[in-house]
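S.K.: Residue numbers (my numbering): 748 to 1564.
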Amino acid sequence: MTVDAFRRIDLPLTERSRDLLERLSREERIAMLHQAMPAVERLGIRPFHTGCEALHGLAWVGVATVFPQPVGLAATWDPEFVTRVGELVATEVRAKRASGADVDLNVWAPVVNTLRHPAWGRNEEGYSEDPHYTGQLGAAYSRGLRGDHPRVWKTVPSLKHFLAYSNETDRSATSSEMSPRTLHEEELPAFRPAIEQKVAGSMMLAYNRVNGVPAHTQPELVAEARSWSDESIAVVSDAGAPSFLVSIQRAQPDKIHGAAALVRSGMDSFTDDGPDPIPSLEAVRGALAQGLLTDDDVDAAVLRLLEMRIRTGEFDGGDDPYAAIGPDEIDTPAARELAREAVARQVVLLRNDAGVLPFAEPASVAVVGPMADVVLTDWYSGTTPYAVGIAQGVRERYPTAAVEVVTGADTVALRAASGYVTAAPEGVVDAVAAGRTDASLFDVTDWGDGILTLRSHASGRLLTGGAWPMRADAERVGGWVVQESFRRHVHEDGSWSLLHLGSGRWVRVVRDVGLLVAEGLTLDDATRFEVETVRRGLEEVARAAATADVVLVAVGNDPHLSGRETADRPHLLLPDAATDLWQAARSANPRSVLTIVSSFPYVLADAADAATVVWSSHAGQELGHGLLDVLSGDREPSGRLAQSWPAHPDQAGDLFDYDTQRQQATYRHQPAPYAFAFGHGLGYGAVVYEAVDVDAGAVTAPAPTLRHPALDPRADEQVVTARVRLANRSERAVEELVQLYSVAPELPIAAPRRLLLGYTRARVEPGETQTAEVRFTVERLAVWDGEALRVQPGDYRLAAGPSADALDVSTILTVTD
């Protein structure tokens, strides 16, 4: 029996995909253009679905290992480690598919949009404000997701979101105004490495417009990205974006013209109308009928999609090297160990002026604040198999210590005219009880800017307005539209009315039966609740802190509130509720550690004088273990910031202005010192930078090029090696991140004030002097001259140090014509 050519692994990919295309009818080809590709039973081809969320672990399909958010993974400054994380995630994608879950092998990760502004609601999804470091990590994670087999990809990564996307407010309407210089120096370099290194086989387009034109219909930019590799790149739309081309952006008169523009611009797959392909496919048929598209246009798109599928081994039968991965390879002991290591590696010690850290063997520890003993997950997280919070981590590391947890929430009872608001153990809420009981108590947590959650003592769960009638049965804040958040209006008499933020409706009590519902249209419709405060959270924080040997003040954000997909942050300040909590603890006990768990940097404002500050991203299931590995001193702190923390909000610039050079935004262009600079992070010991020199005092400028210079030197580039001499005169080993920057001279085309050229890690033992080598290519000094990337002749100061704001030693590299 003859084997179909598309199933023959001995044939080139292009021959296999062309054979399969030719076996498909015209209608079958058109059907391949939607995210939900149907089966072709006569050829034995199963259905296929583009897009499996795998940003920092497999998401949305049940239990899987949850790693730190990408902004945390970037703080490891270890591309090889990030590759290991990607490898494990790909294994779990394969394992989940083997379990029968509706999962296919095109993964929508990583996000390589730069973190140019910390107010972006999706800050947690990106790696760094530096595009070249972002590109390096994007390639590293993609390499792990792709796997190392020469023929079969473990999964096919999709880079997100092409291009110039980092604001959520009106994201499908706003235009990212982009000069050619910004495009070539600060946008394209983040996408190029993964494609050029052939570890990304797909790319997702961005919602926004670029210079007035929808990013989904920019054929020149898509062609530019595809030119970086001789392997095909399947381009998918973001969800709903094809429709937005007509409805929001009003760039096309109807979906037929929209479909034509999208396919002609290089988009291959419609992610639109959820799982329903009919509207998209009808639009394609209409475009073909009107001559707006040709069959060749459709075939070109389908070929790229088929190549993506063939790469995964889908048609290889027993020759798929990953076919043996089974359901038992989810949440393995090795996965748990890697997750814990990932947490510890990304913890950043921001300040340790009081010498509180590392802990000795405390007899008592108070863990206070809303993050005290919870592990919060974001929109793109999977379901954790278990979760170790900070307090649990303390208990396990110090089993003989007395550990007290105080969330800082006020405990209140609410009384309407009909009675006390009471939650039954199963969650039903009403306001009919004549007297106050434990079932009438709610813990009110203030997340900042007036956003509250209320947790019932009776059910142990959060009050939600997403059910009718209302219930207290939500395990956590979550969902595309959050149903667990409220804002209080305080009347002159001190009573409260509650606005349910998910619906924009006021909470009221139903007459006669006393049930609570969120359906009041105006404040006049809202029930007024008398408030009895049973316990004041700040007083409890101060009490617990006063008697403890050490205090961990655990504050930060809930990833579903005040900054997330669809919602930019309202401001950059650490919320008043968090600073009040910090001040209550610190006033009671100077051995307090401001422990921030967040998706983004904060301006610390009224907590700026904190002597001891530690940061972690929302780091997943092993948060408590990994954090305590560092706080206890069992591991030396090695995390370093990949994103600057502003000293004041103005340093971040304008969220909607993508010209970072003009507004002096990001570490590259900002003249004033940051609170905590790009690359900053402390160890428990300290090294001294004694000198830096280079192996070549003068180099010749390379020819102008259109290739974007990467942090990883290429074989055909001119490489310079900088030697940085370090001395550790402290009593602890230090895991130092040695960073090398170009500090711009006066040049005809102004270069960035600082530019990361390269970095290396060095473990320096106590009393040791060590020389660390940092290699970089001369091309890294290039600027866009209007036609190409050009290295200008001149004397460049090369400076080394522990952050972009602490460049202690320098030397001169002369570039000649």
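Even glycine gets a Cβ: it sits at the ideal position worked out from N, Cα and C.
Helix, strand or coil, according to DSSP, for His803 in the structure here?
M.R.: Coil at His803, not helix or strand.
S.K.: Note down the Cα distance separating Val1471 from Val1556, rounded to an integer number of angstroms.
M.R.: Rounded to the nearest angstrom, the two C-alpha atoms are 9 Å apart.
S.K.: Does DSSP put Arg765 in a helix, in a strand, or in coil?
M.R.: Three-state result, Arg765: helix.
S.K.: Go ahead and label Arg939 buried or exposed: buried means 16 or more other beta carbons lie within 10 angstroms of its beta carbon, across all protein chains shown.
M.R.: Arg939 is buried by the Cβ-count criterion.
S.K.: Between Glu1151, Arg1144, Gly1212, Ala1219, which lies nearest to Gly1174 when the distance is taken from Cα to Cα?
M.R.: Checking every option, the nearest Cα to that of Gly1174 belongs to Ala1219.
S.K.: Short check: CB of Val899 to CB of Pro1068, under 7 Å?
M.R.: A contact, by the Cβ cut-off of 7 Å.
S.K.: By Cβ distance below 6 Å, which residues in the same chain neighbour Glu1515 in space, the five residues on each side in sequence not counted?
M.R.: Here the set comprises Asn1475.
S.K.: Which of the three DSSP states, helix, strand or coil, is assigned to Glu1108?
M.R.: Glu1108 falls in the coil class under three-state DSSP.
S.K.: State yes or no: is the C-beta of Thr929 within less than 7 Å of the C-beta of Val983?
M.R.: It is not a contact, given that the beta carbons lie outside the stated cut-off.
S.K.: Rounded to whole angstroms, what's the CA-CA distance from Arg1522 to Val1153? Just pull it up for me.
M.R.: Roughly 49 Å separates the two Cα atoms.
S.K.: State the start and end residues of the unbroken alpha helix (DSSP H) segment that holds Ala886.
M.R.: First-last of the alpha helix (DSSP H) with Ala886: 878-893.
S.K.: Which full runs of the beta strand (DSSP E) of 3+ residues lie inside the segment 826-865, going along the chain?
M.R.: Complete beta strand (DSSP E) runs here, min 3: 853-855.
S.K.: Look at the alpha carbon of Pro1109 and the alpha carbon of Trp1362, and state the distance between them as a whole number of angstroms.
M.R.: C-alpha separation (whole angstroms): 21 Å.
S.K.: Would you list the residues sitting across from His781 in a DSSP beta bridge?
M.R.: Note: His781 sits in a beta bridge opposite Phe1017.
S.K.: Using three-state DSSP, classify Ser1557 as helix, strand or coil.
M.R.: Of the three classes helix, strand and coil, the one that applies to Ser1557 here is strand, per DSSP.
S.K.: Determine the contact status of Ala1134 and Leu835, defining contact as a CB-CB distance below 7 Å.
M.R.: No. Outside cutoff.
S.K.: Does the distance from the CB of Ala1529 to the CB of Arg1537 come in under 7 Å?
M.R.: Against a cut-off of 7 Å, the Cβ pair of Arg1537 and Ala1529 comes out as a contact.
S.K.: Are three or more beta carbon pairs between the segment 954-968 and the segment 901-911 nearer than 8 Å?
M.R.: A contact exists between the segment 954-968 and the segment 901-911.
S.K.: Along the chain, where does the beta strand (DSSP E) containing Gly959 start, and where does it finish?
M.R.: Note, Gly959: premise wrong, no beta strand (DSSP E); not H, not E.
S.K.: Arg869: which of Val1094, Leu1308, Val1562 sits nearest, CA to CA?
M.R.: When only C-alpha atoms are compared, the closest one is Leu1308.
S.K.: Taking only three categories from DSSP, how would you classify Met748?
M.R.: Low per-residue confidence applies at Met748: pLDDT is 40, beneath 50, and the placement is therefore not dependable enough to give any value.
S.K.: So which of Pro1022, Tyr880, Thr964 has the shortest CA-CA distance to Gly1013?
M.R.: Out of Pro1022, Tyr880, Thr964, Thr964 has the C-alpha closest to the C-alpha of Gly1013.
S.K.: Could you tell me the distance, in whole angstroms, from the CA atom of Met951 to the CA atom of Ala783?
M.R.: Cα-Cα distance, rounded: 16 Å.
S.K.: Would you kindly report the start and end of the unbroken alpha helix (DSSP H) that includes His1416?
M.R.: That run of the alpha helix (DSSP H) goes 1413-1416.
S.K.: Please report the distance separating the alpha-carbon of Leu1375 from that of Glu1512.
M.R.: Looking at the two C-alpha atoms, the distance is approximately 22 Å.
S.K.: At the level of alpha carbons, what is the spacing between Glu1054 and Ser764?
M.R.: Taking the straight line from one Cα to the other gives about 6 Å.
S.K.: Need the endpoints of the alpha helix (DSSP H) that Gln1093 sits in, please.
M.R.: It spans 1080-1093 - the alpha helix (DSSP H) in which Gln1093 sits, taken as one unbroken run.
S.K.: Output the boundary residues of the alpha helix (DSSP H) element that contains Ile942.
M.R.: Ile942 -> alpha helix (DSSP H) spans 935-943.
S.K.: Would you call the segment 856-870 and the segment 1307-1326 in contact, with 3 or more CB pairs under 8 Å?
M.R.: As far as the Cβ criterion goes, the segment 856-870 touches the segment 1307-1326, which means the pair count is three or higher.
S.K.: Assign Asp1563 to buried or exposed, taking buried as 16 or more other Cβ atoms, counted over all protein chains shown, within 10 Å of its Cβ.
M.R.: Asp is not the amino acid found at residue 1563; the sequence shown has Thr there. Counting Cβ neighbours within 10 Å, Thr1563 comes out exposed, since fewer than 16 surround it.
S.K.: Within 10 Å of its beta-carbon, does Met748 have 16 or more other beta-carbons around it, so buried, or fewer, so exposed?
M.R.: Annotation note: pLDDT 40 at Met748 (below 50); position unreliable, coordinate value reported separately. Exposed.
S.K.: If you follow the alpha helix (DSSP H) that Ala1291 is part of, which residue opens it and which one closes it?
M.R.: First-last of the alpha helix (DSSP H) with Ala1291: 1284-1293.
S.K.: Alpha carbons only, please: which of Pro1337, Arg1338, Val1360 is nearest the one belonging to Pro738?
M.R.: Examination of residue 738 is not possible in this model, given that the chain is present from 748 through 1564 alone.
S.K.: Would you mind reading off the limits of the alpha helix (DSSP H) that contains Arg1056?
M.R.: 1042-1058 is the extent of the alpha helix (DSSP H) around Arg1056.
S.K.: Considering only their Cβ atoms, is the gap separating Gly1129 from Leu820 smaller than 7 Å?
M.R.: Not a contact, by the Cβ cut-off of 7 Å.
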